[in-house]
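Asks: Residues in the sequence shown are numbered consecutively from 372, following our numbering.
Ideal Cβ placement from N, Cα and C applies to all residues, glycine included.
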Amino acid sequence: MVGNLSSGVWGVVATPFVGPSLEVDEASLSRLVKHYEGIGVTGLTVLGVFGEAARLSAGERRTVLRTVAAAVQLPLVVGVTGLATAPVTEEARLVREEVGNRLAGLMVQVNSPDPRVVATHLNAVHEATGAGIVVQDYPEASKVAIGTADLVRAVQAVPAAVGVKAEAPPTPAAVAVLTAQLDVPVFGGLGGLGLLDELAAGAAGAMTGFSCPEGLVACVDAWRDGGYDAAREAYLPYLPLVNFEAQARIGLAIRKEAVRRRELIAESGVRPPAAAMPESLVPQLARHLGPALAAVRPAGQGQAVQGPTGQRAAQQVQVQVQGQKAAQQQGAQKTVQETVQKSAQKEVG
Numbered sequence: 372m373v374g375n376l377s378s379g380v381w382g383v384v385a386t387p388f389v390g391p392s393l394e395v396d397e398a399s400l401s402r403l404v405k406h407y408e409g410i411g412v413t414g415l416t417v418l419g420v421f422g423e424a425a426r427l428s429a430g431e432r433r434t435v436l437r438t439v440a441a442a443v444q445l446p447l448v449v450g451v452t453g454l455a456t457a458p459v460t461e462e463a464r465l466v467r468e469e470v471g472n473r474l475a476g477l478m479v480q481v482n483s484p485d486p487r488v489v490a491t492h493l494n495a496v497h498e499a500t501g502a503g504i505v506v507q508d509y510p511e512a513s514k515v516a517i518g519t520a521d522l523v524r525a526v527q528a529v530p531a532a533v534g535v536k537a538e539a540p541p542t543p544a545a546v547a548v549l550t551a552q553l554d555v556p557v558f559g560g561l562g563g564l565g566l567l568d569e570l571a572a573g574a575a576g577a578m579t580g581f582s583c584p585e586g587l588v589a590c591v592d593a594w595r596d597g598g599y600d601a602a603r604e605a606y607l608p609y610l611p612l613v614n615f616e617a618q619a620r621i622g623l624a625i626r627k628e629a630v631r632r633r634e635l636i637a638e639s640g641v642r643p644p645a646a647a648m649p650e651s652l653v654p655q656l657a658r659h660l661g662p663a664l665a666a667v668r669p670a671g672q673g674q675a676v677q678g679p680t681g682q683r684a685a686q687q688v689q690v691q692v693q694g695q696k697a698a699q700q701q702g703a704q705k706t707v708q709e710t711v712q713k714s715a716q717k718e719v720g
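(1) Would you call residue 429 buried or exposed, if buried means 16 or more other Cβ atoms sit within 10 Å of its Cβ?
(2) Is residue 496 closer than 8 Å to residue 533 when the C-beta atoms are compared?
(3) Note down the Cα distance separating residue 681 from residue 594, rounded to an integer number of angstroms.
(4) Per the DSSP calculation, residue 507 is bridged to which residue(s)?
(5) As an exercise, report each continuous beta strand (DSSP E) stretch of at least 3 residues that is fully enclosed by the region 417-481, in chain order.
(6) Would you call residue 514 buried or exposed, if buried means 16 or more other Cβ atoms sit within 10 Å of its Cβ?
(7) For the structure I just gave you, are there three or more beta carbon pairs, one from the region 573-591 and one from the region 372-382, closer than 8 Å?
(8) Hey, would you say residue 480 sits closer than 8 Å to residue 447, going by beta carbons?
(9) Can you find the residues in the same chain that come closer than 7 Å, C-beta to C-beta, to residue 375, ignoring five residues on each side of it along the sequence?
(10) Beta-carbon within less than 6 Å of residue 677's beta-carbon, same chain only, minus the 5 sequence neighbours each way: which residues are those?
(11) With respect to the alpha helix (DSSP H) encompassing residue 579, which residues constitute its N-terminal and C-terminal limits?
(12) For residue 596, count neighbouring C-beta atoms within 10 Å of its own C-beta (all shown protein chains included) and say buried if the count is 16 or more, exposed if not.
(13) Report the partner residues of residue 379 according to the DSSP bridge assignment.
(14) DSSP puts residue 559 in a beta bridge; with which residues?
(15) How many Å lie between residue 586 and residue 522 at the Cα?
(16) With a threshold of 16 other CB atoms inside 10 Å of the CB of residue 543, please say whether the residue is buried or exposed.
(17) With DSSP collapsed to three states, give me the class of residue 394.
(18) Give the secondary structure of residue 653 by DSSP, where H, G and I count as helix, E and B as strand, and everything else as coil.
(19) Measuring alpha carbon to alpha carbon, tell me which of 407, 584, 460, 420 ends up nearest residue 606.
(20) Output the distance between the C-alpha atoms of residue 472 and residue 613, rounded to the nearest integer angstrom.
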């Protein structure tokens, strides 16, 4: 018997790498998930797109699952990368072996525009593993687009469905239809870009990656307690960073670098073919990250302090921005001086 996912924030966990060969960094991973547990997330989502699961070997996936399960006591949603039933079932059995009854749901991508094909696939995975199914509609990753009405039909035909992750834009419209017609919780994703509107449409919370997940927790908690206005107020300090991390192709690298700057992981490398973060964006990341970290409230005021990364990390990025401004001002002054000197030389000549 499987039960629906609890509402709230399910933090999507990055897979940290270390060294020139980009080995899985177990120490950083353990530190990262303990941080998630400390800020009050409902659960964790492991081996998702943000976790670069498709670039991990089976052995590395086992390492990630063992590390996470040993570090925290949170319930786990675990992603699988395949679209065909046989490889998905194989991945799912590995997950079951490693996390056992800690598995709150197996996140499986929609694999066809046809709801009957999707339902047959999802039911087969459940029958082979006994796992509850979180249906992920993420056409950017799967390259499969399904209409919202057909997605409803597919999920209704899967008794073991325990949740839906809606990531096919426009997500608020999709969430409104899904929540009205399904009896399983629906979660927003896509880095939290549409979180406010998804909550207004009936979403149960967020299941996404973000370098300041405290903002997601603050927004969802405020929605529960005070509705839209309270949630909007709580989320506003984080929105510039949410938007900055959503850049196509480089979003993953930006987010991992932000997490590194928070001292939650040692290095921010991404595995090919993911693109690295351009150096030209480093100053702007610092500008966005500082105010977001400053918005994180101290323990006892609704959110936990971000471990070793609270005020110190905010101060570090502020210092970086100030240093960059000073360098720009010095450069401008030098240019003015050079211009004055050249003018004087012309007059003398």
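Replies: Considering the structure as presented:
(1) exposed
(2) no
(3) Note that residue 681 scores 45 on pLDDT, short of 50, meaning its location in the model is unreliable; the coordinates nonetheless yield the value given after this. Rounded to whole angstroms, residue 681 to residue 594 spans 24 Å at the Cα level.
(4) 480, 536
(5) 447-450, 474-480
(6) exposed
(7) yes
(8) no
(9) 533, 534, 555, 556
(10) Note that residue 677 scores a pLDDT of 40, beneath 50, so its modelled location is shaky and nothing firm can be said.
(11) Not the alpha helix (DSSP H): residue 579 falls in the beta strand (DSSP E), residues 576-579.
(12) exposed
(13) 576
(14) 537, 577
(15) 29 Å
(16) buried
(17) strand
(18) helix
(19) 584
(20) 33 Å
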